[in-house]
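Right under this line is the structure:
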């Protein structure tokens, strides 16, 4: 409309120019100049488009007069600008629909792994799904400490490139080293060409266990030891129509007949979420751009039943980590939790269980953790990890353990599967956020906290994405029956290994 008006105005001025040149007029005697306006052809618009136009006009007006707005109007302006930014982000996003990967539950909720294909032709590997690290690596053919595990044979892949750069990553449970390489990496319909990852030829014994063959790091590039963009991050920025992924982790602990390897161990959905696994809305908690390393959140509260421990994070210091089994935190905060449990006591260094606590297996716990403006309840099956010993079957080991980090760490809490099995967790690329939603089955609805806000305090949005139907095992009673395993057995050793995968430097 502005172009047509300008053209007509220029034409009118040009026609009037000769008269003005031949007979100069005084300013007061100039006749009025009429410029015809042309109506553009009508375009059909929907009611939704007209409503959105009205919203945008209100946002434009508020933005223009922002210095004069009341606090309430400034909040409306912020919402309008956020909504506009989200619509622009969706326009820039890719078009690929979501795809889901089945998870394998290994050693009774100790490890959750999913299948990736690497190379041309593709070779398939079961890799630990780990939001607490950023490197993708698999075992190399002929490696040490990989008996019984699938290893990558680079000689059979026509797209393999060896960069020659060395790779080393340190976890709390040991080290892995090898070479940084590139090749085609695929999962379902998603493929990244020349994806950087590592082939590991040396690793500490039991760093991973069969049937897994490596680690799929799902945190941000900033903490990648290879310095390569993680597989998921490349897809989120270029391909996914919905740049986020959602994780459902099944519970087999304390379930009759559970096997050490359960093929229906949950599901991870890339490029969206699977709404059949959760009910209600996803409560998103924003992550600042300066904090894009781990998926970090502040802990708003921790309570045992109705007894508040008094703990509250002053910063986003809790890494949300699917590659960890238990929940590790500062020794003083862990002590405050067990102080609320009758007859709980620390396990001494002489037992090799330093940092762990034992408590009566019959004790109901009802542990609650607050994130954003919601409080989530853990199943007692997940808090009660194992019997302390065969000789003392009445005492159990709790899934919260003490681990003190170095001075000024990025994270001082690692929140693993013991908590995450109780929610549907979502990891959003843009705008960056972690979200939790109530499980369709096997989880309790969250408690709302008064005074919650937006951003890091908990922005809540629904989801219309539904990729497939729910599956796996959502079960698990909330009683505190003693588990069949003991703290001195093989399972706890595996959990101790898994729970420190996030602590690499």
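Numbering (mature numbering (1 follows the signal peptide of the UniProt record, and there is no 0)), first residue to last: -21 to -1, 1 to 484. Even for Gly, the Cβ is constructed at its ideal location relative to N, Cα and C. A quick note: this is a predicted structure, and the numbers were derived from the prediction, not measured.
Is the distance from the Cβ of residue i to the Cβ of residue j below 7 angstroms?
| i | j | result |
| --- | --- | --- |
| residue 91 | residue 257 | no |
| residue 129 | residue 216 | no |
| residue 207 | residue 175 | yes |
| residue 102 | residue 182 | no |
| residue 106 | residue 118 | no |
| residue 84 | residue 241 | yes |
| residue 269 | residue 198 | no |
| residue 354 | residue 298 | no |
| residue 397 | residue 373 | no |
| residue 210 | residue 305 | no |
| residue 146 | residue 205 | yes |
| residue 121 | residue 108 | no |
| residue 419 | residue 301 | no |
| residue 423 | residue 356 | yes |
| residue 303 | residue 395 | yes |
Compute the minimum distance between the beta carbon of residue i and the heavy atoms of the ligand HEM, and state whether it is under 6 angstroms.
| i | result |
| --- | --- |
| residue 394 | You won't find the ligand HEM in this model; it holds no ligand whatsoever. |
Using CA coordinates, which residue listed in the options is at the minimum distance from residue i?
| i | options | result |
| --- | --- | --- |
| residue 376 | 383, 367, 30 | 367 |
| residue 307 | 392, 275, 291, 361 | 392 |
| residue 140 | 159, 126, 147, 122 | 159 |
| residue 136 | 108, 161, 98, 167 | 98 |
| residue 412 | 177, 396, 276 | 276 |
| residue 75 | 170, 60, 115, 333 | 170 |
| residue 134 | 195, 288, 162 | 162 |
| residue 41 | 59, 30, 31 | 59 |
| residue 261 | 224, 371, 229, 309 | 224 |
| residue 339 | 154, 363, 49 | 363 |
| residue 265 | 405, 32, 387 | 405 |
| residue 36 | 47, 387, 55 | 55 |
| residue 335 | 316, 168, 230 | 316 |
| residue 230 | 370, 309, 244 | 244 |
| residue 254 | 349, 416, 202 | 416 |
For a cutoff of 7 angstroms on Cβ pairs, would you count residue i as touching chain B?
| i | result |
| --- | --- |
| residue 116 | Of the protein chains in the structure, only one exists, and it is not chain B. |
For residue i and residue j, what's the separation of their Cα atoms in angstroms?
| i | j | result |
| --- | --- | --- |
| residue 445 | residue 222 | In this prediction, residue 445 has a pLDDT of 42, which is less than 50 and means its spatial position is unreliable; what the coordinates show is noted afterwards. Rounded to the nearest angstrom, the two C-alpha atoms are 14 angstroms apart. |
| residue 399 | residue 43 | 44 angstroms |
| residue 414 | residue 13 | 59 angstroms |
| residue 86 | residue 325 | 25 angstroms |
| residue 126 | residue 283 | 43 angstroms |
| residue 274 | residue 149 | 19 angstroms |
| residue 62 | residue 53 | 14 angstroms |
| residue 233 | residue 89 | 13 angstroms |
| residue 164 | residue 131 | 12 angstroms |
| residue 458 | residue 295 | For residue 458, the predicted model reports a pLDDT of 36, less than 50, meaning its position is unreliable; a value from the coordinates is still stated below. Cα to Cα, residue 458 sits roughly 32 angstroms from residue 295. |
| residue 259 | residue 285 | 25 angstroms |
| residue 351 | residue 279 | 6 angstroms |
| residue 443 | residue 220 | For residue 443, the predicted structure reports a pLDDT of 38, less than 50, and the residue's modelled location is therefore unreliable. The matter cannot be settled from this model. |
| residue 194 | residue 47 | 54 angstroms |
| residue 407 | residue 16 | 48 angstroms |
| residue 144 | residue 409 | 31 angstroms |
| residue 347 | residue 380 | 16 angstroms |
| residue 332 | residue 49 | 58 angstroms |
| residue 168 | residue 79 | 10 angstroms |
Just grab the DSSP bridge partners of residue i for me.
| i | result |
| --- | --- |
| residue 404 | 226, 415 |
| residue 368 | 371 |
| residue 174 | 162 |
| residue 246 | 81, 227 |
| residue 348 | 281, 355 |
| residue 169 | 166 |
| residue 181 | 156 |
| residue 275 | 298 |
| residue 325 | 336 |
| residue 195 | 108, 115 |
| residue 97 | 102, 164 |
| residue 210 | DSSP lists no partner for residue 210. |
| residue 394 | 299, 306 |
| residue 149 | 154 |
| residue 287 | 282 |
| residue 52 | BP columns for residue 52 are empty, so no partner. |
Given a threshold of 16 other Cβ atoms within 10 Å of its Cβ, counted over all protein chains shown, does residue i qualify as buried or as exposed?
| i | result |
| --- | --- |
| residue 323 | buried |
| residue 327 | exposed |
| residue 77 | buried |
| residue 213 | buried |
| residue 38 | buried |
| residue 427 | exposed |
| residue 421 | buried |
| residue 312 | buried |
| residue 435 | Low confidence applies to residue 435: its pLDDT is 43, below 50, so where it sits in the model is not reliable, and the reading given next is rough at best. Buried is the call here. |
| residue 484 | For residue 484, the predicted model reports a pLDDT of 38, less than 50, meaning its position is unreliable; a value from the coordinates is still stated below. When all chains shown are included, residue 484 counts as exposed. |
| residue 321 | exposed |
| residue 344 | buried |
| residue 388 | exposed |
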